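Take a look at the structure below.
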C-alpha cells in the first residue's frame, strides 16, 4: 500500500481506514463495517469512531476523527445524514483524502436531502477529498484484501473480474450468487448517488489493478457522456468492459420534430456510445458475468469460425442455431481433419461440423477430437457440449480436456448439460478456471462476445474522419452567423443549401419562389421536370401535409400547382407561416436513403443512416453512430441496415454509389460535430445514383438548438 498523488487511489490502497459510526451492536450496519475490516484480513490500520467510547472487537472506540492516530487515508462514514457534513469537515482538516459515505437520507429522499448532499460535495472539494456515495455499500478488493461494506461474511470469492455498480442491492445479491457459481471478483465498487465519484472517475482506477482482467458495469445512466466514452475507450484498449445499461424504455419522442429526432433516443445513443468505446453491452445480469468470465479467461479468436463437438445430435443442432444467431459461422473442417477424426471415432459418428461423436464417446475421444479440431486452420474457436455420458463420468471427460483447453491459443467453452450428473465436471472446470455454461445458447453468446471484442480491437485506433477542410468550415460558420433564424426554428433553404455546398454534399439545382410567377420562371430557367416543396418553418413533414408536388413538366403546371398547394395548406394549417415554395429540378432515378444527425443531450451529435422516405419511422431500418465518424462507424451504419446492404444491388435493383453515400455520411457527421448550434439536420431522401454517379440531397432541413 502506497500513498499516491491521485486521491482516488486512496480508496483501494489506504494505509489506514477510519470507520465513523462503528457500533458495538451486532445488529447495526456500523458493526458490520468494523467487523469486515478487522476480520477480513486488511493489512493496514483500522480506527473506529463512536462518541460513546469503549471497545469493539478488541479495538478502542475514539470519540472523534481528530482523536484517531496515524495513519488514516480513507474514511467510511455510516451515521445519520445530518451529521455527515461536520464529520467530512473533520476528515478534511485531518488530511484524509477519500471518504465513503454509506449513509442514506440524501438526494434520493427529496430536496432537503439533495441540499445536504450538495453541502457534502462542497466540503469535499474544498479539502481536495474525493467522495464515494452517499447511499452506497462501499467497495471490496479481494486481493489486498479490503472490505468496507457492511455485508455479512464471507465476502466475494477472489477472482479477476471487477464490478462497478450503481446499485448496492445488486452488488449484495451478486456477491452471494458468486459464492455458489465459482465466480470470483478482483474489485467491487458500489457508487450510490455518485455525488462526486462516478463510473467514469473510478473506471481507470479499477482498470489499473493488476489482478483485474475484465470489468463489468451496471449502469442506470452516466455522467458526462463524451468523457465516459473517451475514458472507456482508453481502458478498453487494454482490458475488456461489459456493461448492463438498464432503463431501456423511451419517453418524450412524440415531441421530436424530425424523423431523426423521433428515432434517436437514450438507448440508441447508448448503443452508439458503447460501440465507439468498445464496451460490450449485455442484455441481462447473468449474461454480463458470463461474457466477462470468458473475456477474462480465454484468448481472443482470430476469426468467426466455430467448431461444435458433441456426443448427441440435438444439442449440436441447438448449438449450430445459436452460433448463427450470434453472427458466427460453423467451421468447415479440412479433409485431413475429417480423416483423422474418422480414425478415432465410431463409424456412425458425424465428421462434419457439428461433430457428433455419439453417446459412447470416451474421455480420450473427447480430448483427441478437440485437439484435432483446434489444430485445423479453419477453426477459430470451439464449443464442447457434454450431456451426461451413459458409459463414462462427465467429470472424467472434463479432466481429459482441461489441460488442452488451458494451453490452447484458441478459445474453448464447455457446456456440461444437466445438473447432478454433470456436477463433478462443473467442479473440475471451475477449479481449472475454464468457462462453462449449462446450455449451448449461453456458450454461443460468450463466443460472440469474444469475437466482437477481437473485431473492435482491430479498429480501436481509427481516427475520426475529417474530410472537410478548415476553409469550408469557416465559410459555413459565416453562413450560420448571418442567418437570423431564432433558436428552435428551422433554418432557411438558402442557409441549408450553403451549408451543404460548403461541406461538399451535392444538391439538385433549386430556387425559392415567393409566388406562382416566380415558381414558373425558376422552373423554366432550370429545365423540366421539376418538383415543388413548401417552405414553412411550421410544417416539418412536407409530404404528409401535402406540401410536395412532383413531376411538373411545364411552366403552366408549375404555376397551377403552386396556387393549389398554397390554398390547400392555408386551409389545412391556418396558423402556419407559408414563405413560398422550393422549386427543385427532378433528380434521376436511384435508391433512397435517409442521413441525419441529432444532438443527444448526453453524448452530443449522433448520426443516423437507414431506409428513407415517408415511412422511415415505421420501417425502423436505421442505425446510429457518434459523430464525427470513424471508418468502423461508417461500415457499421452501412452493413447493419438493409438500406446499406441493398446499395450493392438486389434482384432488379442495380448497384448504387455506396462510396458516395459513405462520403456523405462522413461529411454530414463532421458538420454536426463542428456546429453545436445545430440541434438536428436531416437529408430525407438522399437519392443514391448508380455506381460512380454520386448522390443528391433532395430534401434537407436543419434546426437551431
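Numbering (our numbering), first residue to last: 9 to 713.
Backbone N, C-alpha and C fix where the C-beta goes; we use that ideal spot for every residue, glycine too.
Quick caveat, the model's predicted, so the values are computed rather than measured.
- Same chain, Cβ closer than 7 Å to residue 543, five either side skipped, listed in chain order: Position 535 of the chain shown, counting from 1, holds the residue named residue 543. The beta carbon of residue 543 is closer than 7 Å to those of 501, 520, 587, 588, 589 and 590 in its chain, skipping five residues each way along the sequence.
- Task: Decide if residue 415 is buried, meaning its Cβ has at least 16 other Cβ atoms within 10 Å, or exposed.
- Result: As a position in the chain shown, residue 415 is number 407, starting the count at 1. Exposed.
- Message: Counting C-beta neighbours from all protein chains within 10 Å, is the total for residue 578 16 or more, i.e. buried, or is it exposed?
- Response: Stepping through the chain shown from its first residue, residue 578 is reached at position 570. Answer is exposed; the Cβ neighbour count stays below 16.
- Which word fits residue 743, buried or exposed, when buried means at least 16 other C-beta atoms lie within 10 angstroms of its C-beta? The displayed coordinates of the chain run from 9 to 713. Any statement about residue 743 would go beyond what the structure contains.
- Helix, strand or coil for residue 55 per DSSP? As a working mapping, residue 55 is identified with position 47 in the chain shown. In the structure shown, residue 55 falls within a strand segment according to DSSP collapsed to helix, strand and coil.
- Query: Taking buried to mean at least 16 other C-beta atoms within 10 Å of its own C-beta, is residue 399 buried or exposed?
  - Reply: The residue labelled residue 399 in the question sits at position 391 within the chain shown. Answer is exposed; the Cβ neighbour count stays below 16.
- Query: Of the residues 330, 133 and 427, which one's Cα is nearest the Cα of residue 97?
  - Reply: Here residue 97 refers to the residue found at position 89 when the chain shown is read from its first residue. The option with the nearest alpha carbon to residue 97 is 133.
- Item | Reference residue 243, options 223, 229 and 253, closest by Cα | Taking the first residue of the chain shown as position 1, residue 243 is located at position 235. 223 is the residue among 223, 229 and 253 whose C-alpha sits nearest the C-alpha of residue 243.
- Closest Cα partner of residue 634 within the set 655, 666 and 676: Start at 1 with the first residue of the chain shown, and residue 634 comes out as number 626. Taking the Cα of residue 634 as reference, the smallest distance to any Cα among 655, 666 and 676 is reached at 676.
- Pick out the complete alpha helix (DSSP H) segments inside the stretch 289-355, 4 residues or longer, and give them in chain order. Unbroken alpha helix (DSSP H) runs of no fewer than 4 residues, entirely contained in the stretch 289-355, are found at 293-305, 321-333 and 343-352, following chain order.
- Query: Is the stretch 289-296 close to the stretch 350-370, with three or more CB pairs under 8 Å?
  - Reply: As far as the Cβ criterion goes, the stretch 289-296 does not touch the stretch 350-370, which means the pair count is below three.
- Message: Which residue marks the beginning of the beta strand (DSSP E) containing residue 226, and which one marks its end?
- Response: Taking the first residue of the chain shown as position 1, residue 226 is located at position 218. Its beta strand (DSSP E) spans residues 222-227.
- First through last residue of the beta strand (DSSP E) which encompasses residue 146: Counted from its first residue, the chain shown places residue 146 at position 138. Per DSSP, residue 146 is one residue of the beta strand (DSSP E) stretching across 146-149.
- residue 620 to residue 601 span [Cα, whole Å]: Mapped onto the chain shown, residue 620 falls at position 612. Mapped onto the chain shown, residue 601 falls at position 593. For residue 620 and residue 601, the distance between alpha carbons rounds to 4 Å.
- Could you check what DSSP says for residue 152 in three-state terms: helix, strand or coil? On the chain shown, position 144 is the one that residue 152 refers to. In the structure shown, residue 152 sits in coil (DSSP, three-state: anything other than H, G, I, E or B).
- Task: Using the Cα positions of residue 234 and residue 611, report the straight-line distance between them to the nearest angstrom.
- Result: Here the question's residue 234 lines up with position 226 in the chain shown. Here the question's residue 611 lines up with position 603 in the chain shown. Note on geometry: alpha-carbon atoms of residue 234 and residue 611 lie some 5 Å from one another.
- Message: Can you tell me whether residue 44 is buried or exposed? The criterion is at least 16 other CB atoms within 10 Å of its CB, across all chains shown.
- Response: For this step, residue 44 is matched to residue 36 along the chain shown. By the neighbour-count rule (16 or more Cβ atoms within 10 Å), residue 44 is buried.
- Query: What are the residues that DSSP puts in a beta bridge with residue 705?
  - Reply: On the chain shown, position 697 is the one that residue 705 refers to. Partner(s): 694.
- Query: So the alpha helix (DSSP H) residue 131 belongs to, where does it begin and stop?
  - Reply: The residue you call residue 131 lines up with position 123 of the chain shown. It spans 119-134 - the alpha helix (DSSP H) in which residue 131 sits, taken as one unbroken run.
- Across which residues does DSSP place residue 689 in a beta bridge pair? Here residue 689 is taken as the residue at index 681 of the chain shown, counted from 1. Per DSSP, 605 and 710.
- Item | Cβ-Cβ separation, residue 513 to residue 357 (assumed contact under 8 Å), whole Å | Position 349 of the chain shown, counting from 1, holds the residue named residue 357. Position 505 of the chain shown, counting from 1, holds the residue named residue 513. The beta-carbon separation of residue 357 and residue 513, rounded to 60 Å, does not stay under the 8 Å limit for a contact.
- Item | 6 Å Cβ shell around residue 268 - same chain, five flanking residues per side excluded | Locating residue 268 in the chain shown gives position 260, counting from the first residue. The predicted position of residue 268 is uncertain, since its pLDDT is 44 and thus under 50; a value taken from the coordinates is nonetheless stated next. Cβ neighbours of residue 268 beyond the five flanking positions: 604, 606, 616, 688 and 690.
- Item | Three-way DSSP call (helix, strand, coil) for residue 376 in this model | By 1-based counting over the chain shown, the position of residue 376 is 368. In the structure shown, residue 376 sits in a helix (DSSP, three-state: H, G or I).
- Query: Do residue 327 and residue 419 have their CB atoms nearer than 7 Å?
  - Reply: Taking the chain shown and counting its residues from 1, one reaches residue 327 at position 319. Taking the chain shown and counting its residues from 1, one reaches residue 419 at position 411. No, the Cβ-Cβ distance between residue 327 and residue 419 is not below 7 Å.
- For residue 100, is the classification buried or exposed, using 16 other Cβ atoms within 10 angstroms of its Cβ as the cut-off for buried? Residue mapping note: residue 100 aligns to position 92 of the chain shown, counting from 1. Residue burial is scored here from C-beta neighbours: residue 100 has at least 16 other C-beta atoms within 10 angstroms and is therefore classed as buried.
- Task: Give the secondary structure of residue 193 by DSSP, where H, G and I count as helix, E and B as strand, and everything else as coil.
- Result: Stepping through the chain shown from its first residue, residue 193 is reached at position 185. Residue 193 falls in the strand class under three-state DSSP.
- Identify, in the order they occur along the chain, each residue of the same chain with its Cβ nearer than 6 Å to the Cβ of residue 657, setting aside the five sequence neighbours on each side. To locate residue 657, count along the chain shown from 1; it is residue 649. Hits under 6 Å: 663.
- Message: Can you check which of these residues, 411, 424 and 426, is closest to residue 440 by C-alpha distance?
- Response: Here residue 440 refers to the residue found at position 432 when the chain shown is read from its first residue. It is 411.
- Message: If I measure Cβ to Cβ from residue 176 and keep anything under 6 Å in the same chain, skipping five residues before and after, which residues do I get?
- Response: Translated into positions along the chain shown, residue 176 becomes position 168. Short of 6 Å from the beta carbon of residue 176, and not among the five residues preceding or following it, lie these beta carbons of its own chain, in chain order: 144, 145 and 198.
- Task: Report the three-state DSSP secondary structure of residue 47 (helix, strand or coil).
- Result: Along the chain shown, one-based indexing puts residue 47 at 39. Reduced to three states, the DSSP call for residue 47 is helix.
- Taking only the alpha-carbon atoms, compute the straight-line gap between residue 492 and residue 479 and give it to the nearest angstrom. To locate residue 492, count along the chain shown from 1; it is residue 484. To locate residue 479, count along the chain shown from 1; it is residue 471. Roughly 22 Å separates the two Cα atoms.
- Could you check what DSSP says for residue 508 in three-state terms: helix, strand or coil? The residue labelled residue 508 in the question sits at position 500 within the chain shown. Residue 508 falls in the helix class under three-state DSSP.
- Message: Less than 8 Å between C-beta atoms, sequence neighbours within five positions excluded: which residues of the same chain meet that for residue 300?
- Response: As a working mapping, residue 300 is identified with position 292 in the chain shown. In the same chain as residue 300, and ignoring 5 residues on each side of it, the C-beta atoms closer than 8 Å to its own belong to 169, 222, 223, 224, 248 and 250, in chain order.
- Query: Fully enclosed by the stretch 522-571, which alpha helix (DSSP H) runs are 4 residues long or longer?
  - Reply: Runs of the alpha helix (DSSP H) lying entirely within the stretch 522-571 and spanning at least 4 residues, in chain order: 524-534 and 550-553.
- Message: How far does the alpha helix (DSSP H) with residue 205 in it extend, from its first residue to its last?
- Response: Position 197 of the chain shown holds residue 205. Note, residue 205: premise wrong, no alpha helix (DSSP H); not H, not E.
- Supposed contact pair residue 315 and residue 458 - C-beta distance, whole angstroms, cut 8 Å: Position 450 of the chain shown, counted from the start, is the residue given in the question as residue 458. Position 307 of the chain shown, counted from the start, is the residue given in the question as residue 315. Actually they are not in contact, since the Cβ atoms of residue 458 and residue 315 sit about 14 Å apart, beyond 8 Å.
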